[in-house]
Every structure is written in structure tokens, then in C-alpha cells.
DNA sequence: ATGAAACGGTACTGTTTAGTTTACTTAGAA
DNA sequence: TTCTAAGTAAACTAAACAGTACCGTTTCAT
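Protein chains in written order, with my numbering: chain A, 1 to 212; chain B, 1001 to 1212.
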């Protein structure tokens, strides 16, 4: 029998996922430099030998973990959920944007998502190949998706003529980003402090006044 | 002769500054875990023995470096520069905010400042004592300083009655923060991409429309 | 000038780390 | 059952690391 292209069978894929799950927990908790392969093997309940059968080095494993986390990113999907939305009046626009803002903040403030941001920011200069992937997959896709929504809605006459899509996107995401950064990434332990109730609504109200 | 309280003397302080300067460069470049005391001693042009005379451990040195960088932070001063500003009309308000926005973006996009943000975010969970210091010194002071400016200006009748100070501060800083995060911290090497000319002005225009 | 304190250079110690080797065990298909 | 591929556990290697010891040299106040 001649195996042409080494298909990775279901068993091998299960082990690989097991390794990835353990590595994800350790890398997101400790960062690249402080994470040890011993800790990863223990966390994944896999022998160190097996780990090195599936990945040639700690660097490769790290890149694969962050690559997968980036690609299956829920943050992007949140902003892409505006693609099918077409508010008919100002009140609908306000409500749609409010729901989106809540979705964004909720997603960004999850401990796992904050840990991904933290680890990416911390080690991106050591793995430049992640920079392009992350930027193209998360912020750029999200921003341009939202910018498209703005321009589409503007063409339907519900937003001021002189509002630029990119500026409007930064104006919308920015205030929400302050929560993730100032109250998420800059907080040491425990859960991040969620925004005060009503704050998001207030911000969306100001935003709608700015663009209409 | 009895020395009561170990004055540090000018020579000792010079050596300490020399050590701090070298440690700052290495820590901001490599982060805590990947920075080696050998590299720090070499960068500071100081023997390792001397380094350990002034600091008992790598942790203590790291905390002192970040503590000093945080305290003498230029970002806070930028926002505090609004304390003496009292615009007389909407056009003056617009121009004052535009100057402030430019100052903030310019300061935040400096490589050294981005490195401070990066290192703080990366290692804050290992040095919780830095969290409170950093938050209180940089974002909270800056935000409340700006919030005070907004409320003061609102009382002088130039801003809508229902605009809250904190929400207005997040609304102003947020869009500028997107540049520091998306185009600064998420970029691998080289200088960060500066915002397109006119973008800041556009954002400030939208902001003024939102709060007046 | 001289003596003491501070400093530099370098080798050292004990520990941790990435990655390897070896000897043994398990799981599943024929 | 039996053979084979895959996995485990633990010891191991070589390098890097934080921190220390030693000794010769510089600095500076008296």
C-alpha cells in the first residue's frame, strides 16, 4: 500500500486538538516567553514526546494557536452581523447600533478575548507573520464592514452627506474600545469591570447625533 | 561617625539612573520574561554585580522602571493641558479640541510610548501593584481631567445639557485610541502608520456635532 | 599620597528550559 | 490473538538564566 499524502486520520486530529486546547490555555495565561512546554504538556494531558511529534517547536505551536484563535474570531462576526441590517428610520438606526454596541462590548470584555488581545499585543513583534493576519482578519475586516454599513445607510438618506465611512467606524468603535483597553487590559486580576448600565446607550445616542 | 539615614549621594544616583536607562530600553524592547539581566547590564554599561547592589531582583528593577515611566507620563500632561482652556465660542472649542486631539495622537504614536503600553499590558497580571498605579495615573486622571473640562464648558452654555462628562471623555479619546491600538500596538515592526491627514479634523468635527 | 569604598570583569552555582532519548504500555486492525 | 503504530513516563542533554563570589582596578575624600 502506498500512502500518497499522509491524511491526518480522526485520531491524529483529536490529539492535535487536545494539544491545541492545552497550549491555548497556557499561552493565553502566561504569554509566549513565560509559558513552558512542560506546563503545556501537563495542561493538555499529553506527553512531551507526543507534543513534539505534532509540532516541531514551541514557536510553531504558538503561531498555530494564535492563528486558529484569530481566524475563528467572534469579534469580527459581531460587526459583520450588520451586513443584512437596513434601518428604515432614525429610531431603528439608533436601536440597531445600540444592539451592535452591546454585542461588541460583551464580546470584547470576555476574559478569553481580552487574553487573546493581551498575548497578541505582547508578542506580535516576535512573530511578525501574525501581525498581517490579525490586522487583516480582525480590525480591518470589522472596520471596513462597519464602514460599508455606514455608507450604505448614508446613500439611503439617513446619514449626513459629509460623513466618511472610515472616520465614522473609528468614531463608533473607539469609545467601546476604551472599555476593553482601560477597564479590561489595564486591570490586573479577576473579571474586568463592565461599563455602567446606560453608558452604552448614552454613547450611541451621542454617536447618532454626530452622524445624522 | 554614625550615618543615620543613608543619603543616596549624587554618584549613586547617577549610577542608578544609568541602570534604569539601560533596563528601560531592554524591558521595553523584550518584555519582562524575555529580558535577561545580562542584556540589561550590558545595555547599561554596568557590571552585573553593581546592578544587584542597587536592585535586589529583576522584579524590583522592572517595577521601578515601569513606575518611573508611568509617573513621568507625557500622555497625562497632554490631557491636563485643557485645565486652563476656556473657549468662548463653538469655533474656539472646535480648534482647542483639534489641537488636543493632535497632541494626544502624536504622543501615543511615539514608539517609546507604544512600547510602554505594550509592556504594561503584557505583564500587568504578574505585577498587580502596577495596575492600580497605572490606571490611577494615566487613564483615570486623563479621563477625569477631560471630563471636568467638558462639564465646565457645558456650564458655560456651550455644550448640550444632557451630555455626561465621562461618556463625553470616552467619546473623545476612543477614536484616537483606535489609532494607538489598531495601527500602533497591532503592527509588528517599524514605525506605526500615522493617521491620514484630515482624519483627526474630521473626527473632531463629528465630535463637536455630537456634544453641541 | 593613601586608604576605603565602589566598580568592572569574569567565572561560578543552582535552577529552569527546549528539545531528545529510552524503555515501557496501550489501542486497534487483521 | 498478535502485530504495529502511537502514546506515556521519566530521565537526560545542552544551553540560558538569575543571582553570587572573587579579584583586580578605579575613584575620591582626607
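Note that CB positions come from ideal geometry on N, CA and C, so glycine has one too.
Remember, predicted model here, so these are calculated numbers, not experimental data.
- At a cut-off of 4 residues, the continuous stretches assigned as alpha helix (DSSP H) that sit fully inside the segment 1–35 of chain A are 10–34.
- If you draw a 10 Å sphere on the C-beta of residue 170/A, you find 16 or more other C-beta atoms in it, and that means buried.
- Our two residues, residue 79/A and residue 51/A, have alpha carbons roughly 36 angstroms apart in a direct line.
- Listed in chain order, the non-local C-beta contacts of residue 1160/B below 8 angstroms within the same chain comprise 1154, 1211 and 1212, local neighbours out to five positions each way being set aside.
- Each residue's CA atom was taken as its position, placing residue 1089/B and residue 203/A some 24 angstroms apart.
- Legend: CB atoms of the segment 147–166 of chain A lying less than 9 angstroms from CB atoms of chain B belong to residues 160, 162, 163, 164 and 166.
- DSSP, read as helix, strand or coil, puts residue 95/A in helix.
- Counting only runs of 4+ residues, the alpha helix (DSSP H) found wholly inside the segment 103–175 of chain A occupies 111–123, 128–137 and 139–155, in chain order.
- Among the CB atoms of chain A, one or more fall inside 8 angstroms of the CB of residue 1131/B.
- Looking from the CA of residue 94/A, the closest CA among 158/A, 21/A and 22/A belongs to 158/A.
- Of all alpha-carbon atoms in 1020/B, 1085/B, 1167/B and 1197/B, the one lying nearest the alpha-carbon of residue 1041/B is that of 1020/B.
- For residue 193/A, the secondary structure class from DSSP, reduced to helix, strand or coil, is coil.
- Per DSSP, reduced to three states, the secondary structure at residue 1045/B is coil, with no helix or strand assignment.
- Within chain A, no C-beta atom comes less than 8 angstroms from the C-beta of residue 1067/B; the nearest is roughly 15 angstroms away.
- Distance from the CA of residue 136/A to the CA of residue 17/A, rounded to the nearest whole angstrom, comes to 25 angstroms.
- Residue 197/A has a beta carbon lying at 8 angstroms or more from every beta carbon in chain B.
- Between residue 9/A and residue 44/A, the beta carbon gap of about 19 angstroms keeps them out of contact (Cβ cut-off 8 angstroms).
- Closest in C-alpha terms to residue 81/A, from the list 97/A, 66/A and 186/A, comes 97/A.
- Here residue 62/A carries a helix assignment [DSSP, helix/strand/coil].
- The beta carbon of residue 136/A sits no closer than 8 angstroms to any beta carbon of chain B.
- Taking 8 angstroms as the upper bound on Cβ-Cβ separation, chain B lies near no residue of the segment 40–69 of chain A.
- For the pair residue 114/A and residue 184/A, the CB atoms are nearer than the 8 angstroms cut-off.
- In this structure residue 195/A is buried. Its beta-carbon is surrounded by 16 or more other beta-carbon atoms within 10 angstroms.
- By the 16-neighbour rule on beta-carbons within 10 angstroms, residue 1129/B is exposed.
- For residue 108/A, the closest C-alpha among the options 84/A, 46/A and 77/A is that of 77/A.
- Chain B places no beta carbon closer than 8 angstroms to that of residue 113/A, leaving this residue out of the contacts.
- Rounded to whole angstroms, the gap between the alpha carbons of residue 1035/B and residue 37/A is 19 angstroms.
- Under the 10 Å beta carbon count, residue 164/A is surrounded by 16 or more other beta carbons and is classified as buried.
- Taking a 10 Å sphere around the C-beta of residue 1168/B, we find 16 or more other C-beta atoms and assign the residue as buried.
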